[in-house]
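S.K.:
Protein chains: 2
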Amino acid sequence: MKVVHYTEVPLEPVNAEGAEGAQIRWLIAQKDGAPNFALRLFELAPGGHTPHHTHDWEHEAWVVSGTGKLVTDRGEFKFAEGDAMYVDPNMMHSFHNTGDDVLKFLCIIPHEKPVVKRTLNPFADGKANDC
Amino acid sequence: MKVVHYTEVPLEPVNAEGAEGAQIRWLIAQKDGAPNFALRLFELAPGGHTPHHTHDWEHEAWVVSGTGKLVTDRGEFKFAEGDAMYVDPNMMHSFHNTGDDVLKFLCIIPHEKPVVKRTLNPFADGKANDC
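So the protein lines, in turn, are chains P and H.
My numbering puts the first residue of the first sequence at -2, with every later residue one more than the last.
My numbering puts the first residue of the second sequence at -2, with every later residue one more than the last.
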């Protein structure tokens, strides 16, 4: 288990080609024993953005602070603090800081490419409210 | 894909036995096509808490606002805005609001019980910084 303030987690450059002014903190990852997915915090400088690319895994995201836009092959979508975002596998996408402050958002990814799911967690279907 | 402010997502009661003053918003779930995990926002009233229980899936969490404590079989851990939390599978745990305001935190769970992982996403190991 782990409880950590995000500022205690190293802020590292995003090395991917096409990224500008983008940094990342791996808040919870495989190194912590997390078996299925990784929780990361992105910090984008004003004007900064992630690469415009696609891959076969999804993103689930949460905007902590700042304002930006999600550019996809289905259009552009503005976002701000308190927004949740879902990006499908194989969708072209990039996150852009359109404000004057640092944009901070969480982005969760699976550890592996999607596999056929058999036994579903009954508490994950949006009907049963457990925790 | 989806971009939604959390206030636009229904706030539902947490029905699990042992929960007190706990509500939930399913921000991203299977109904949205998410293939692997669900992103939920919990809202706990002052004094409220989730059930003290255990299960064989993990939690990854992020504190949006408020203050609380995570009670586990390894002890109690205070948390506040900007903290990330990881709870291992099969660990007794509950989240408690210890402040005067509503406690809001994200909690991410897998759709299914852990399976043996074979092909790992190279961008999820905390070493390669992509997005």
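All C-beta atoms in this analysis are idealised placements derived from N, C-alpha and C, irrespective of residue type, glycine included.
Predicted model, so just to flag it, every value in this text is computed and none were measured.
In this structure, how does DSSP classify H:E55 when only helix, strand and coil are distinguished?
M.R.: Of the three classes helix, strand and coil, the one that applies to H:E55 here is coil, per DSSP.
S.K.: What residues are listed by DSSP as bridge partners for P:H108?
M.R.: DSSP output for P:H108 lists no bridge partner at all.
S.K.: Compare the C-beta of P:A81 against all C-beta atoms of chain H and say whether one is closer than 9 Å.
M.R.: So yes, P:A81 belongs to the interface.
S.K.: So for H:E78, helix, strand or coil by DSSP?
M.R.: If DSSP states are grouped into helix, strand and coil, H:E78 belongs with coil.
S.K.: Quick one, are the C-beta atoms of P:V84 and P:A42 less than 9 Å apart?
M.R.: No, the Cβ-Cβ distance between P:V84 and P:A42 is not below 9 Å.
S.K.: Taking the alpha-carbon positions, what's the P:V6 to P:P107 distance?
M.R.: Spanning the two alpha carbons is a distance of roughly 20 Å.
S.K.: So, with DSSP's three-state summary, where would you put H:T47?
M.R.: DSSP places H:T47 in coil when its eight states are reduced to three.
S.K.: Check whether the Cβ of P:A31 lies closer than 9 Å to any Cβ atom in chain H.
M.R.: Yes, because at least one Cβ of chain H sits closer than 9 Å to the Cβ of P:A31.
S.K.: For the segment 51 to 76 of chain H, which residues have a beta carbon sitting closer than 7 Å to at least one beta carbon of chain P?
M.R.: Listed by position along the chain: W54, E55, E57, W59, L67, T69, R71, F74 and F76.
S.K.: Mind the definition here: the segment 11 to 20 of chain H touches the segment 58 to 74 of chain H only if three or more C-beta pairs lie below 8 Å; say whether that holds.
M.R.: The answer is no - the segment 58 to 74 of chain H does not touch the segment 11 to 20 of chain H, with fewer than three Cβ pairs under 8 Å.
S.K.: Output needed in chain order: residues of the segment 0 to 15 of chain P with a Cβ under 8 Å from some Cβ in chain H.
M.R.: Those would be V0, V1, H2, Y3, T4, V6, E9, P10, V11, N12 and A13, in chain order.
S.K.: Can you list the residues of chain H that P:L24 reaches, using a CB-CB cut of under 7 Å?
M.R.: In chain order: A81.
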